[in-house]
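Participant:
Residue numbers (this note's numbering): 1 to 412.
Next comes the structure, spelled out in structure tokens:
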């Protein structure tokens, strides 16, 4: 009966994840008209009599509150606008022309705030200039402060009645030859007296970082990437629990080899070991689609993952689960259930668990760990929960790898 109930609950979770992914696929879809996008390049594709407009897939947020464009070519008239608009903004209007939108226009240096008549605001912008737009973190009473920058310096700001989740990055163009380089992950911080930049890095979400740089929700591998000892590791500060039992990452750059691993590990997991290689861990590896479970030998598990794919990992806790371990436990290991036929991975063949001391295992209750790819469940494994819990853990190992992480995708 317990197996039947567990299977039924698993099917319900899989359906819920699929439904959430389907909603997001519709909600988070970029929109553009009379414009062409080639990677991060946006080009005007009209006849100069009609406006072209691009609206990003996701709104600004407290974690990603700023974006920039670099003007590659001003075209005939340089009528390029950078600003924020509602998700369903009419794409035949420049940002800032319609209600609930605001934008800084490069050709005349004016601010357009829900009106086709602009107000003098800042300098004009030319080829090579960087134009940025962001939101202040101190929104209050339904008012939000939107600021604009030119070449890294603030031009000015304006307060508008809106919430961050309602404003999407937008770029408008209106003449032949106009072209910009778009950076939706740009950084922004106010300069202090010592000239250093303060960036909202969200490092507080992570308990341990090794050869990984954090910028907002973006993790970037900064290690050497030359051998299996050059692993970069990011481990969340808090373990998964019955409230926050699932997390995801999006591969924004696969780097040289896409040696990206997503999984769960004990808190004292070795910093230079990929998740899944050592005891007390389990992980789905993007480069070969294998599941590694406390060993350098992986099992054939699911499809490989590439740039743009979204990988997820979660735990199905028993209905009567009551965590009895504390966050202050420092020494635990994980015993896993026997696995099916193993598949040797030559890259990790000599990567044995040399750091293990063979001590007594401290295992907790059995839980079901599952993995997803683009909203679909790839597979699951029953494991014993380490004392202290399973912490979201991400590994990277080749130059250029970047992932965007959402530690609580099912909470909103």
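Yeah, the Cβ is synthetic: ideal placement off N, Cα and C, and Gly gets one too.
Bridge partners for residue 245 per DSSP, in chain order?
Facilitator: Taking the chain shown and counting its residues from 1, the one referred to as residue 245 is at position 245. None; residue 245 has no bridge partner.
Participant: Pair every Cβ in the stretch 94-114 with every Cβ in the stretch 157-171, then say whether three or more of these pairs are closer than 8 Å.
Facilitator: In short, these stretches touch, since the Cβ pair count reaches three.
Participant: With distances taken Cα to Cα, identify the nearest neighbour of residue 146 among 235, 66 and 220.
Facilitator: Here residue 146 refers to the residue found at position 146 of the chain shown. Among 235, 66 and 220, the Cα nearest to that of residue 146 belongs to 66.
Participant: Classify residue 113 as helix, strand or coil using the three-state DSSP reduction.
Facilitator: The residue given as residue 113 occupies position 113 in the chain shown. Note: residue 113 maps to strand in three-state DSSP.
Participant: Using only the alpha-carbon positions, how far apart do residue 75 and residue 43 sit?
Facilitator: Along the chain shown, one-based indexing puts residue 75 at 75. Along the chain shown, one-based indexing puts residue 43 at 43. In a straight line, the C-alpha of residue 75 is about 10 Å away from that of residue 43.
Participant: Comparing C-alpha positions only, which one of 208, 288, 11 and 379 sits nearest to residue 392?
Facilitator: Position 392 of the chain shown, counted from the first residue, corresponds to residue 392. The candidate whose alpha carbon is nearest that of residue 392 is 208.
Participant: Pick helix, strand or coil for residue 275, following the three-state DSSP scheme.
Facilitator: Locating residue 275 in the chain shown gives position 275, counting from the first residue. In this structure, residue 275 counts as coil in the three-state DSSP scheme.
Participant: Using three-state DSSP, classify residue 446 as helix, strand or coil.
Facilitator: Here the chain has residues from 1 to 412 only, and residue 446 is not among them.
Participant: Using 8 Å for Cβ pairs, my map puts residue 219 next to residue 240. What's the rounded Cβ distance?
Facilitator: Numbered from its first residue, the chain shown carries residue 219 at position 219. Numbered from its first residue, the chain shown carries residue 240 at position 240. About 18 Å; that fails the 8 Å criterion.
Participant: On the CB-based measure, 16 or more other CB atoms within 10 Å of its CB, does residue 224 come out buried or exposed?
Facilitator: Locating residue 224 in the chain shown gives position 224, counting from the first residue. Classification for residue 224: exposed.
Participant: Quick one: measure Cβ to Cβ for residue 274 and residue 261, integer angstroms, because I've assumed they're closer than 8 Å.
Facilitator: Position 274 of the chain shown, counted from the first residue, corresponds to residue 274. Position 261 of the chain shown, counted from the first residue, corresponds to residue 261. Confirmed, Cβ separation roughly 5 Å.
Participant: Can you list the beta strand (DSSP E) stretches of 3 or more residues lying completely in the stretch 253-322, in chain order?
Facilitator: Fully enclosed beta strand (DSSP E) runs of 3 or longer: 261-265, 281-285, 290-292 and 310-316.
Participant: Is the beta carbon of residue 111 less than 8 Å from the beta carbon of residue 55?
Facilitator: The count along the chain shown starts at 1 and reaches residue 111 at position 111. The count along the chain shown starts at 1 and reaches residue 55 at position 55. The answer is no: Cβ separation not under 8 Å.
Participant: For residue 482, which residues from the same chain have a beta carbon less than 6 Å from its beta carbon, with the 5 sequence-adjacent residues on both sides left out?
Facilitator: The shown model of the chain, from 1 to 412, leaves out residue 482, and the question about it has no answer.
Participant: Just checking my contact of residue 237 with residue 205 at CB under 8 Å: how many whole Å lie between their CB atoms?
Facilitator: By one-based count along the chain shown, residue 237 stands at place 237. By one-based count along the chain shown, residue 205 stands at place 205. At roughly 6 Å, the Cβ-Cβ gap stays under 8 Å, so residue 237 and residue 205 are in contact.
Participant: Taking the CB atoms as reference points, tell me whether residue 156 and residue 109 lie closer together than 8 Å.
Facilitator: For the purposes of this step, residue 156 is taken as the residue at position 156 of the chain shown. For the purposes of this step, residue 109 is taken as the residue at position 109 of the chain shown. No, the pair does not count as a contact, with Cβ atoms beyond the cut-off.
Participant: Tell me the DSSP secondary structure of residue 15 in three-state form.
Facilitator: Along the chain shown, one-based indexing puts residue 15 at 15. Correct three-state label for residue 15: helix.
Participant: Out of curiosity, what's the CA-to-CA distance linking residue 252 and residue 309?
Facilitator: Within the chain shown, the letter at position 252 stands for residue 252. Within the chain shown, the letter at position 309 stands for residue 309. About 8 Å.
Participant: Does the stretch 118-132 come close enough to the stretch 85-92 that 3 or more CB-CB pairs lie under 8 Å?
Facilitator: The stretch 85-92, when compared against the stretch 118-132, does not touch it at the 8 Å Cβ threshold.
Participant: Give the DSSP-derived three-state secondary structure of residue 38 in the structure shown.
Facilitator: Walking along the chain shown from the start, residue 38 turns up at place 38. Here residue 38 sits in strand by DSSP.
Participant: Pull up the distance between the alpha-carbon of residue 296 and that of residue 306, whole angstroms please.
Facilitator: The residue given as residue 296 occupies position 296 in the chain shown. The residue given as residue 306 occupies position 306 in the chain shown. Their Cα atoms are separated by approximately 22 Å.
Participant: Please report the distance separating the alpha-carbon of residue 299 from that of residue 292.
Facilitator: Taking the chain shown and counting its residues from 1, one reaches residue 299 at position 299. Taking the chain shown and counting its residues from 1, one reaches residue 292 at position 292. C-alpha separation (whole angstroms): 6 Å.
Participant: If you count every other CB in all the chains shown that lies within 10 Å of the CB of residue 341, and 16 or more means buried, which is it?
Facilitator: Walking along the chain shown from the start, residue 341 turns up at place 341. With a pLDDT of only 35 at residue 341, under 50, the local geometry of the prediction cannot be trusted, and the value read off the model is given with reservation. When all chains shown are included, residue 341 counts as exposed.
Participant: Residue 410 to residue 250, Cα distance in whole Å?
Facilitator: Along the chain shown, read from residue 1 onward, the residue named residue 410 stands at position 410. Along the chain shown, read from residue 1 onward, the residue named residue 250 stands at position 250. Straight-line Cα distance between these residues: approximately 15 Å.
Participant: How close, in whole Å, do the beta carbons of residue 311 and residue 284 come, if the pair is a contact with beta carbons under 8 Å?
Facilitator: Counted from its first residue, the chain shown places residue 311 at position 311. Counted from its first residue, the chain shown places residue 284 at position 284. Confirmed, Cβ separation roughly 6 Å.
Participant: With 16 other CB atoms within 10 Å as the buried threshold, where does residue 394 fall?
Facilitator: As a first step, residue 394 is located in the chain shown; it is residue number 394 there, counting from the start. Buried: at least 16 other Cβ atoms inside 10 Å.
Participant: Exposed or buried, which one is residue 386 when buried takes at least 16 other CB atoms within 10 Å?
Facilitator: Numbered from 1 along the chain shown, position 386 holds the residue referred to as residue 386. Flag for residue 386 reads buried.
Participant: For residue 206, report the span of its beta strand (DSSP E) as first-last.
Facilitator: As a working note, residue 206 is residue 206 in the chain shown. Here the beta strand (DSSP E) through residue 206 covers 206-210.
Participant: Please go through the same chain and pick out, in chain order, the residues whose beta-carbon is closer than 7 Å to the beta-carbon of residue 38, but skip the five residues on each side of it.
Facilitator: Sequence index remark: in the chain shown, residue 38 carries index 38 (1-based). There are no such residues.
Participant: If residue 302 and residue 281 are in contact, beta carbons under 8 Å, what's the gap, nearest whole angstrom?
Facilitator: Against the chain shown, residue 302 aligns to sequence position 302. Against the chain shown, residue 281 aligns to sequence position 281. 17 Å between Cβ atoms; not a contact.
Participant: Can you tell me the Cβ-Cβ gap for residue 59 and residue 165, rounded? I've got them flagged as a contact below 8 Å.
Facilitator: Indexing the chain shown from 1 puts residue 59 at position 59. Indexing the chain shown from 1 puts residue 165 at position 165. The pair is a contact, with the Cβ atoms about 5 Å apart (cut-off 8 Å).
Participant: For residue 217 and residue 402, what's the separation of their Cα atoms in angstroms?
Facilitator: Taking the chain shown and counting its residues from 1, the one referred to as residue 217 is at position 217. Taking the chain shown and counting its residues from 1, the one referred to as residue 402 is at position 402. Roughly 10 Å between the two C-alpha positions.
Participant: To the nearest angstrom, report how far apart residue 53 and residue 32 are at their CA atoms.
Facilitator: To locate residue 53, count along the chain shown from 1; it is residue 53. To locate residue 32, count along the chain shown from 1; it is residue 32. Each residue's alpha carbon lies about 6 Å from the other.
Participant: Can you find the residues in the same chain that come closer than 7 Å, C-beta to C-beta, to residue 271, ignoring five residues on each side of it along the sequence?
Facilitator: In the chain shown, the residue the question calls residue 271 occupies position 271. Once the five neighbours on either side are set aside, the close Cβ partners of residue 271 are 208, 210 and 233.
Participant: Can you find the residues in the same chain that come closer than 7 Å, C-beta to C-beta, to residue 406, ignoring five residues on each side of it along the sequence?
Facilitator: If you number the chain shown from 1, residue 406 lands on position 406. If we look at residue 406 and ignore the five residues flanking it on each side, its Cβ neighbours are 217, 247 and 248.
Participant: Return the first residue and the last residue of the beta strand (DSSP E) that residue 53 is part of.
Facilitator: Here residue 53 refers to the residue found at position 53 when the chain shown is read from its first residue. Where residue 53 is concerned, the enclosing beta strand (DSSP E) stretches over 52-55.
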